[in-house]
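S.K.: Before we start, here is the structure in question, set down as structure tokens.
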Amino acid sequence: VISANPPMLIFSPVNRGKDASKKDTLLNIEETKEVVINIVNYEMVQQMSLSSADYPRGVNEFEKAGFTMLESEKIKPFRVKEAPVQFECIVKDIIHIAPNGGAGNLIICEIVKMHFNKNILTPKNRIDPYKIDLVARAGGNFYSRAQTGYFEIAKPFAALGIGFENLPKEILNSEILSGNDLGKLASVEVLPKEEEIKDFKNNIKSDINSHELAKAYLEKDEIMKAWLVLL
């Protein structure tokens, strides 16, 4: 995704390494100036891999991979019914990086219609990252299943964090707290008040190093408690 308004996507099919010829995907796009981008999840990854084989031009890869051809509503190319999300797109530009084998061809396209499988949506009609169960190409024969690696970071839009420059030197130079830990500490808008610090320390008695205890709180995203320990 390179733009939200207008909604724009970009991808880059490469020339064949053995003879620098164009792959069918690129040839079809050059011919029609339209493309469907189908999002791949774990349930269909083996079929997707099969469809990526270098079959001769004219072979129906939907049939080879066992995918169902679904008519698009705005453009001519078919959609993959099994894909949890399908984007119908108009190609706005094609940038050929080089004529060499392995060279990329940037396809810049605008979404004209989006389709979402209702089974991947939350009650608020947002995509549930666990239900969609996406996969990503890693390199060689390796792929990554995104579902197992998700974590959340609160976006710093509602409040402006104090920033690293306002962290006390003994915290900034800590040998225990990592860059991620410091990032969490620097994301707060205001520091705890003196009364809060006193009340907290009166109720918490620990022989653990304050930085180690703060780190434990930060691992649980209890950022203000970490600050109360450190101040």
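For the sequence shown, the positions run 4 to 234 when the numbering used here is used. Glycine is no exception: its CB is placed at the ideal position from the N, C-alpha and C atoms.
Can you tell me the Cα-Cα spacing of Ile226 and Ala219, whole angstroms?
M.R.: The count along the sequence shown starts at 1 and reaches residue 226 at position 223. The count along the sequence shown starts at 1 and reaches residue 219 at position 216. In a straight line, the C-alpha of Ile226 is about 10 Å away from that of Ala219.
S.K.: Who does Met11 pair with in a DSSP beta bridge?
M.R.: Position 8 of the sequence shown, counted from the first residue, corresponds to residue 11. Answer by DSSP bridge pairing, in chain order: Ser6 and Glu113.
S.K.: To which residues of the same chain is Pro102 closer than 7 Å at the C-beta, ignoring the five residues directly before and after it?
M.R.: Indexing the sequence shown from 1 puts residue 102 at position 99. Contacts found: Ala23.
S.K.: Does the segment 94-101 come close enough to the segment 40-58 to have 3 or more Cβ pairs within less than 8 Å?
M.R.: In short, these stretches do not touch, since the Cβ pair count stays below three.
S.K.: Going by alpha carbons, who is nearest to Lys21 out of Ser209, Gly105, Lys172 and Val191?
M.R.: On the sequence shown, residue 21 is found 18 positions in, with the first residue counted as 1. Measuring from the Cα of Lys21, the nearest candidate turns out to be Gly105.
S.K.: Within the same chain, show all residues whose beta-carbon is closer than 7 Å to that of Tyr146, passing over the 5 residues directly before and after it, in chain order.
M.R.: As a first step, residue 146 is located in the sequence shown; it is residue number 143 there, counting from the start. Result list for Tyr146: Val48, Val138, Ala139 and Arg140, in chain order.
S.K.: Which of the three DSSP states is assigned to Phe90 in this structure?
M.R.: Residue mapping note: residue 90 aligns to position 87 of the sequence shown, counting from 1. Reduced to three states, the DSSP call for Phe90 is strand.
S.K.: Would you say Met227 touches the ligand GDP, meaning its beta carbon is less than 7 Å from a heavy atom?
M.R.: Annotation note on the ligand GDP: not contained in the displayed structure, which lists no ligands.
S.K.: Pull up the distance between the alpha-carbon of Leu109 and that of Gly182, whole angstroms please.
M.R.: Taking the sequence shown and counting its residues from 1, one reaches residue 109 at position 106. Taking the sequence shown and counting its residues from 1, one reaches residue 182 at position 179. So the alpha carbons of these two residues sit roughly 35 Å apart.
S.K.: Which word fits Val62, buried or exposed, when buried means at least 16 other C-beta atoms lie within 10 angstroms of its C-beta?
M.R.: Taking the sequence shown and counting its residues from 1, one reaches residue 62 at position 59. So Val62 ends up on the exposed side.
S.K.: Quick check on Ala229: buried or exposed, where buried means 16 or more other Cβ atoms within 10 Å of its Cβ?
M.R.: Translated into the one-based positions of the sequence shown, residue 229 becomes position 226. Ala229 should be labelled buried.
S.K.: Check for me: the beta strand (DSSP E) holding Val38 runs from which residue to which?
M.R.: Position 35 of the sequence shown, counted from the first residue, corresponds to residue 38. Glu37 to Ile42 is the extent of the beta strand (DSSP E) around Val38.
S.K.: Taking 8 Å as the cut-off, decide whether the C-beta atoms of Lys134 and Asn144 are in contact.
M.R.: Here residue 134 refers to the residue found at position 131 of the sequence shown. Here residue 144 refers to the residue found at position 141 of the sequence shown. No, the Cβ-Cβ distance between Lys134 and Asn144 is not below 8 Å.
S.K.: With distances taken from CA atoms, which of Val193, Val4 and Asp224 is nearest Leu234?
M.R.: Against the sequence shown, residue 234 aligns to sequence position 231. For Leu234, the nearest C-alpha among the options comes from Val193.
S.K.: Considering only residues of the same chain and omitting the five flanking positions on each side of Leu231, which have a CB-CB separation below 6 Å?
M.R.: For the purposes of this step, residue 231 is identified with residue 228 of the sequence shown, where counting begins at 1. Correct list, in chain order: Pro195, Ile200 and Phe203.
S.K.: Identify, in the order they occur along the chain, each residue of the same chain with its Cβ nearer than 6 Å to the Cβ of Ala217, setting aside the five sequence neighbours on each side.
M.R.: Locating residue 217 in the sequence shown gives position 214, counting from the first residue. Hits under 6 Å: Ala229, Val232 and Leu233.
S.K.: Can you name the start and end residues of the alpha helix (DSSP H) that Phe65 belongs to?
M.R.: One-based indexing of the sequence shown puts residue 65 at position 62. Here the alpha helix (DSSP H) through Phe65 covers Glu64 to Ala68.
S.K.: Would a C-beta distance cut-off of 8 Å place Lys187 and Leu163 closer than the cut-off?
M.R.: By 1-based counting over the sequence shown, the position of residue 187 is 184. By 1-based counting over the sequence shown, the position of residue 163 is 160. Their beta carbons are not under 8 Å apart, which means Lys187 does not touch Leu163 by this criterion.
S.K.: Anyone know if the C-beta pair for Gln150 and Asp136 falls short of 8 Å?
M.R.: Numbered from its first residue, the sequence shown carries residue 150 at position 147. Numbered from its first residue, the sequence shown carries residue 136 at position 133. A contact, by the Cβ cut-off of 8 Å.
S.K.: What residue range does the alpha helix (DSSP H) around Ala162 cover?
M.R.: In the sequence shown, the residue the question calls residue 162 occupies position 159. Where Ala162 is concerned, there is no enclosing alpha helix (DSSP H), given that its DSSP letter is neither H nor E.
S.K.: Report the rounded CA-to-CA distance for Leu180 versus Glu173, giving the unit in angstroms.
M.R.: Residue 180 sits at position 177 when you count from the first residue of the sequence shown. Residue 173 sits at position 170 when you count from the first residue of the sequence shown. Taking the straight line from one Cα to the other gives about 10 Å.
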